[in-house]
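One structure below.
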Amino acid sequence: MSAALLKRHYGVTGSIAALSSEIERTVEVDTPDGRRCILKTSTRPEAVDSFRFQTSALAGLEEAAGFVAPAVLRTSSGALMFEEEGICGFLQTRLEGIPLHQAMRTPDLLFRTGRALARLDLALAQVNGLAAHRPVLWHVGCWSRLMELEQYLPSRRVTDSVRAAMAEYLESVEPQISNVVWQVTHNDPSPFNMIATGQGLGFIDFGDGCWNPRIQDLAIAASHLVSDSTLPLGGAEHLIAGYASVIALSRLEARLLVGLMRARQSALILVNYWRAHLFPADAHYIKKNVARAEHGLSILEPLDAALGEAAVLAAVSSSSP
Numbered sequence: 000m001s002a003a004l005l006k007r008h009y010g011v012t013g014s015i016a017a018l019s020s021e022i023e024r025t026v027e028v029d030t031p032d033g034r035r036c037i038l039k040t041s042t043r044p045e046a047v048d049s050f051r052f053q054t055s056a057l058a059g060l061e062e063a064a065g066f067v068a069p070a071v072l073r074t075s076s077g078a079l080m081f082e083e084e085g086i087c088g089f090l091q092t093r094l095e096g097i098p099l100h101q102a103m104r105t106p107d108l109l110f111r112t113g114r115a116l117a118r119l120d121l122a123l124a125q126v127n128g129l130a131a132h133r134p135v136l137w138h139v140g141c142w143s144r145l146m147e148l149e150q151y152l153p154s155r156r157v158t159d160s161v162r163a164a165m166a167e168y169l170e171s172v173e174p175q176i177s178n179v180v181w182q183v184t185h186n187d188p189s190p191f192n193m194i195a196t197g198q199g200l201g202f203i204d205f206g207d208g209c210w211n212p213r214i215q216d217l218a219i220a221a222s223h224l225v226s227d228s229t230l231p232l233g234g235a236e237h238l239i240a241g242y243a244s245v246i247a248l249s250r251l252e253a254r255l256l257v258g259l260m261r262a263r264q265s266a267l268i269l270v271n272y273w274r275a276h277l278f279p280a281d282a283h284y285i286k287k288n289v290a291r292a293e294h295g296l297s298i299l300e301p302l303d304a305a306l307g308e309a310a311v312l313a314a315v316s317s318s319s320p
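0 is the number of the first residue of the sequence shown in numbering that gives the first Met the number 0; add one for each residue after it.
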């Protein structure tokens, strides 16, 4: 079917290999002329809006600088995506490089990643993302309800840590989140979606992108990098410093960042244990980031709002590596 869709909508032929994906069907395409592309398709009705968002966002980033993103390829009729009876999809270029979860995460690489993420957010602020307000499970607006999923958590220790982080979010972060800058964001800059390429840091998989607090992208990326228990922010300091060197954090953003990081770690834990319960055959893939989130949450747990703000301000004021 993928081969037929490629031929019908793009006039493209080539070898096809399936890639891992939770929602849409994703295949890699190697064309006879040496190009490597990614075809995403879905039969889910909600995928139409998701693909409209992804393709409009990628098209809006084509002239941006300071980072790398896939290019969306037009159909034979010039459209960003195709729709036909019961199926929709789009074709994009594939970024070549080393995903951050496989790279040696030196302070310099993390600083450059933070700078690239900030430049991505500046570019996304100018994007007219179609369907940016569609329902997205990972949207910050869902977080106040996620403790309904605590029954799927594996132990009392994890439950207590998640409950404390979500309580702090509801009490101290959510009431103030409307007072920071909101815009179209990537909403999932994880180490699996950030790639070190020969042209700079790249970002893939815009499927969770939507209208969010801008600082959400920084909180998500930083939350995945909390791993060193000897550092206040677990090693996320360099990424935060790099981001702030391009987009200065307001005092309120600095105050809310650690609470957002802990809430995002907790959201990841809650949602993925729940989804692994629903789809046990895919549990290993679904839970690929859970152990990292649990460890990171344990490192950030001792930080109250004041200590978290002080740690963020110390990171921001540090010089580049």
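We put the CB at the ideal spot given by N, CA and C, even for glycine.
Contact defined as beta carbons within less than 8 Å: I believe residue i pairs with residue j. What is the distance between those atoms, to the nearest angstrom?
i	j	result
Thr54	Val71	5 Å
Gln264	Ser317	At roughly 23 Å, the Cβ-Cβ gap does not stay under 8 Å, so Gln264 and Ser317 are not in contact.
Does DSSP classify residue i as helix, strand or coil?
i	result
Asn271	helix
Lys287	coil
Arg93	coil
Ile219	helix
Met193	strand
Leu251	helix
Ser297	helix
Arg133	coil
Pro329	Nothing about residue 329 can be reported from this structure: the residues present for the chain run from 0 to 320 only.
Thr40	strand
Gly201	strand
Leu145	helix
Pro31	coil
Val161	helix
Measuring only the C-alpha atoms, how far is residue i from residue j?
i	j	result
Gly77	Leu296	46 Å
Arg162	Leu299	14 Å
His276	Ala282	8 Å
Asp107	His8	43 Å
Asp216	Glu83	34 Å
Leu312	Ala253	7 Å
Phe278	Pro44	20 Å
Pro31	Met0	19 Å
Pro134	Ser143	15 Å
For residue i, list the residues DSSP reports as bridge partners.
i	result
Asn211	Gln182
Leu18	Thr25
Ile86	Glu83
Val71	Gln91
Pro320	Its beta-bridge partners do not exist; DSSP assigns none.
Pro98	Ile194
- Query: So, do the segment 151-164 and the segment 265-272 have three or more beta carbon pairs nearer to each other than 8 Å?
  - Reply: Yes, the segment 151-164 touches the segment 265-272.
- Contact between the segment 107-123 and the segment 230-244 (3+ Cβ pairs under 8 Å): Three or more Cβ pairs closer than 8 Å define a contact, and the segment 107-123 meets that threshold against the segment 230-244.
- Message: Taking contact to mean 3 or more Cβ pairs, one atom from each stretch, closer than 8 Å, check whether the segment 203-210 and the segment 132-148 are in contact.
- Response: Touching, yes, given that three or more Cβ pairs across the two stretches are closer than 8 Å.
- Counting Cβ pairs, one atom from each stretch, are 3 or more of them under 8 Å apart for the segment 116-135 and the segment 49-64? A contact exists between the segment 116-135 and the segment 49-64.
- Message: Using a Cβ distance threshold of 8 Å, determine whether the segment 91-103 contacts the segment 187-197, with at least three qualifying pairs required.
- Response: Output reads yes: the segment 187-197 touches the segment 91-103.
- Query: Just checking, does the segment 77-87 make contact with the segment 155-170 on the three C-beta pairs under 8 Å criterion?
  - Reply: The segment 77-87 vs the segment 155-170: no contact.
- Task: Count the C-beta pairs between the segment 302-312 and the segment 225-233 that are closer than 8 Å, then say yes if the count reaches three, no if not.
- Result: Yes, the segment 302-312 is in contact with the segment 225-233.
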